[in-house]
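Since the structure comes first, as structure tokens, the remarks are kept for the end.
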Amino acid sequence: MTIAPPRPTATLPPRQRVGEPNPGRWKPDPRSDGEPDLAADSPFRRRYDSVQEKVSAIVGVLDASLDELCTDDGWDDFVDAAARMPRMSANNLRLLQQQMPDVSDVADFKQWKERGRTPRKGAQGLLILKQAKVKLPLTDPTGEPILDARGQQLYDERATGETTVGTVFDISQTDGPAHTSRPPLPDARAFAAAFRIVSDEEDPEDAVTDVARMRLDVLGGDDTNIEAETHAVAAVLARRWGVTEPVAPYWVDRSPAAVRASSVRVSRVVSRLLGTPLLP
């Protein structure tokens, strides 16, 4: 299977070999009609009597879309989404794709404000699953409240262990200055400096594969589909760094349960790799 090229509206730069002219920073072209096209009775738009009922319905979407994930195109779309949003979990990547197939960069309202952009009035948020949290007031050893410099109560946020639903917006649903937070693609020297810390491979295609396999080995667990998972992680790195992707291998077990497990393993490794100074 050959990985399809990125969609033209996405944030990834054109693929190239290391050392070719730098195409510049990532600059997504927000669509003027950037709204999810969902029916009123969609699980993402329906009204629910409780948060638990809403969570169950959204989990049902994940179960119903498993067959799609098991196809060549479905898996490639998942890998493409992981390259664009590496810090998202596998489940949330799939949920976002169900709501907006060309989703490229998401954040909640507060996060977009911090990044200098604002979700447009009337924008339909995209639903994701997240841990429920509770805010607890901070107190000193005597029980007195701890206040900030403005005299406001400080709180500590803690996870409750329960799952709830959060809302995010794609960059195409926001207004603001050009999005240029991604670094420019590295040249050959920068690529070698980063990857040779963890890999002896000289060829960039072999290097991303080597790094991907090592990180999956560290993660551990069932390695039935290790070759397919290695390729997926390597493809993400290749797309982020603008190098030629390795050829896709065959799957050993392409049952829904196995592919779901592979998607989780891939997203975990991608999140850890791209959340480090080594591979920004």
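Everything in the sequence shown is counted per the working numbering, starting at 372 for the first residue and increasing by one. Just so it is clear, CB atoms sit at the ideal spot from N, CA and C, and this is done for glycine as well.
query, result
"Are there 16 or more other CB atoms within 10 angstroms of the CB of residue 457, so buried, or fewer, so exposed?", "buried"
"Helix, strand or coil for residue 440? Go by DSSP, reduced to three states.", "helix"
"Ends of the alpha helix (DSSP H) at residue 598?", "597–612"
"In angstroms with no decimal places, state the Cα-to-Cα distance between residue 413 and residue 517.", "45 Å"
"For residue 617, which three-state DSSP category applies?", "coil"
"What did DSSP end up calling residue 532 once you bin it into helix, strand or coil?", "strand"
"Strictly by DSSP, which residues pair up with residue 545?", "490"
"Return the CA-CA distance between residue 633 and residue 605, expressed in angstroms with no decimal places.", "14 Å"
"If you reduce the DSSP assignment to three classes, tell me which class residue 458 lands in.", "coil"
"For residue 491, which residues from the same chain have a beta carbon less than 8 Å from its beta carbon, with the 5 sequence-adjacent residues on both sides left out?", "544, 545, 546"
"To the nearest angstrom, how far is the alpha carbon of residue 472 from that of residue 588?", "31 Å"
"Could you give the distance in angstroms between the alpha-carbon of residue 600 and the alpha-carbon of residue 489?", "36 Å"
"Among the residues of its own chain, which have a CB less than 7 Å from the CB of residue 580, if the five just before and after it don't count?", "601, 605, 617"
"In the DSSP assignment, find the unbroken alpha helix (DSSP H) run with residue 495 in it and report its ends.", "Note, residue 495: premise wrong, no alpha helix (DSSP H); not H, not E."
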